[in-house]
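Participant:
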Amino acid sequence: MLEKFRAAKAAEVRRLVGLEAAQQLPEPYKGKRPSFSDALIAKAPMAVIAEYKRASPSMGDINLGLGPHDVAAMYAASGAAAISVLTEETYFKGSLDYLETMSRCGLPLLRKDFLLHPLQVVQTAATKASALLLIVRMLTDVELNEMLRLTYDAGLEAVVEVFDERDLERAEAAGAHIIQVNNRDLDTLKTDFAVATRLAAYKRPGRLWIAASGIKTRADVEAMQALGFDAVLVGTSIMAEADPGAALARLAGSAA
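Read in UniProt numbering, the sequence shown has 20 at position 20, and its numbers run on one by one without any break.
#1: Name, in chain order, the residues that DSSP records as bridge partners for V48.
#2: Are the beta-carbon atoms of Y75 and A50 separated by less than 8 Å?
#3: For L64, which residues from the same chain have a beta carbon less than 6 Å from its beta carbon, with the 5 sequence-adjacent residues on both sides left out?
#4: May I have a chain-ordered list of the beta strand (DSSP E) segments no shorter than 3 residues that lie completely inside the segment 123–186?
#5: Per DSSP, L227 forms a beta bridge with which residues?
#6: Smallest Cα separation from Y91: which of R6, A246, D141, H177?
#7: Could you name the residues of the same chain whose beta carbon sits closer than 7 Å to that of R218, not counting the 5 residues immediately before and after it, in chain order?
#8: Between which two residues does the alpha helix (DSSP H) harbouring I41 extend?
#9: Within 10 Å of its beta-carbon, does residue 330 have 16 or more other beta-carbons around it, so buried, or fewer, so exposed?
#10: How big is the Cα-Cα spacing for V160 and A242?
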């Protein structure tokens, strides 16, 4: 599955390389970015990162009638600590433009995509995103270190995603501060909280940990909190609802 995503990003990388050669890369955003990590800490003991997700390989189209501006307003009003924004176009029907639109709600934004090349960090730094996603097993150790360095130098934060113990070991060695544990099996696309349960034993002080995939109920959120996670990332389970804001409020425990 990850190789399919890698192939889907090849055209974007080629375009960025062309822009660099022509000295036409976008300038970095000069404004103040809200802190992604501070937003999670402020919602302790459990923050909810709500995702704007229009489609996925496992679910197909998801609530395409809900635009990014409206969903951002719903999430901001319903207890989200931050918003994850899918920008991958081929499989998730995302767009980099959504970062500008959704930034108006004031919450920090995570660019969720398949970032493989240093110029994609430069591209992200030109947006109003506060953080970007790096998936350990899509990068070599050298690439991961370089992508993290560029991310930090650009004033962005990195959410570093792991699927198993080996991924976690590599993330820690590279100096990741925010670890995201993905409960999804990439071969079957099924989710299993046994992944989060197993990896939680390795959590180190001074790190922020996020649990992702398969979180559908308030009980699921509380289970991740009990394991020591600082946040959960939820996408499909709220985006598939007629009112994602209300669904988020129930998960966050802020529903009236």
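In this text, a Cβ means the ideal position worked out from N, Cα and C, and glycines have one as well.
Facilitator: Well, looking at it:
#1: Sequence index remark: in the sequence shown, residue 48 carries index 48 (1-based). DSSP lists V232 as partners of V48.
#2: Within the sequence shown, numbered from 1, the residue matching residue 75 stands at position 75. Within the sequence shown, numbered from 1, the residue matching residue 50 stands at position 50. The Cβ-Cβ distance between Y75 and A50 falls below 8 Å.
#3: Looking up residue 64 in the sequence shown gives position 64. So the list reads R54, once near-sequence residues are dropped.
#4: If only uninterrupted beta strand (DSSP E) runs of at least 3 residues are considered, those enclosed by the segment 123–186 are 131–135, 157–162, 178–182.
#5: Your numbering for residue 227 matches position 227 in the sequence shown. The partner list for L227 (beta bridge, DSSP) is empty, contrary to what the question assumes.
#6: By 1-based counting over the sequence shown, the position of residue 91 is 91. When each option's Cα is compared against that of Y91, the closest is R6.
#7: Numbered from its first residue, the sequence shown carries residue 218 at position 218. Taken in chain order, the residues that qualify are R250, L251, G253.
#8: To locate residue 41, count along the sequence shown from 1; it is residue 41. Where I41 is concerned, the enclosing alpha helix (DSSP H) stretches over 36–42.
#9: No information on residue 330 is available, as it lies outside the stretch 1 to 256 that the chain covers here.
#10: Within the sequence shown, the letter at position 160 stands for residue 160. Within the sequence shown, the letter at position 242 stands for residue 242. C-alpha separation (whole angstroms): 31 Å.
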